[in-house]
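Undergrad:
Residue numbers (the numbering used here): 6 to 136.
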């Protein structure tokens with residue numbers, strides 16, 4: 006058996022040095038915090054959109070051009086994309102078993118998320134600055 010009675014790991018696992026990578030809890034908490042942020046920002050977005058239900062284009066654009074609305078919309082975009090990347094990362098790690106496919110998919114997802122965040126932020130900035 007083991008020389009240390011409190012060590013419950015398999016001897017092979019202990020020999021290979023395999024254990025917790027010490028980052029799973031951080032990932033879990035980040036995913037939960039972004040989910041709470043999405044609930045709050047989603048409520049703001051739904052209330053804002055419902056308030057603009059019968060408004061014309063100029064009124065809707067003026068409403069979204071207000072500084073706080075622009076900041077909250079960019080925060081919603083970034084938070085939703087970050088949350089999506091975290092969720093897709095878990096799915097890929099669990100169900101893709103070929104290492105090169107896993108790496109390719111993770112890089113592609115992160116690239117597309119950054120591209121989406123930049124495009125969304127640019128669109129909101131163009132509305133907010135009146136371009």
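Every residue, glycine too, gets a C-beta built ideally from N, C-alpha and C.
1. Pull up the distance between the alpha-carbon of residue 102 and that of residue 124, whole angstroms please.
2. May I ask which residues mark the beginning and end of the alpha helix (DSSP H) holding residue 88?
3. Taking 8 Å as the cut-off, does the region 61-71 touch the region 39-47 (at least 3 CB pairs, one atom from each stretch)?
4. Taking the alpha carbon of residue 94 as the reference point, which residue from 82, 75, 114 has its own alpha carbon closest?
5. To the nearest angstrom, how far is the alpha carbon of residue 99 from that of residue 62?
6. Where do the N-terminal and C-terminal ends of the alpha helix (DSSP H) with residue 35 fall, by residue?
7. Please say whether residue 112 and residue 78 have beta carbons closer to each other than 9 Å?
8. Around the C-beta of residue 81, are 16 or more other C-beta atoms found within 10 angstroms, so that it is buried, or is it exposed?
9. Going by alpha carbons, who is nearest to residue 89 out of 53, 126, 121, 105?
10. Express the C-alpha separation of residue 110 and residue 119 in angstroms, rounding to a whole number.
11. Between the alpha carbons of residue 131 and residue 75, how many angstroms are there, rounded?
12. Using the Cα positions of residue 31 and residue 91, report the straight-line distance between them to the nearest angstrom.
TA: So, from the listed chains and residues:
1. 32 Å
2. 72-100
3. The region 39-47 vs the region 61-71: no contact.
4. 114
5. 45 Å
6. 29-56
7. no
8. buried
9. Comparing C-alpha distances from residue 89 to each of 53, 126, 121, 105 shows the shortest one belongs to 121.
10. 14 Å
11. 10 Å
12. 11 Å
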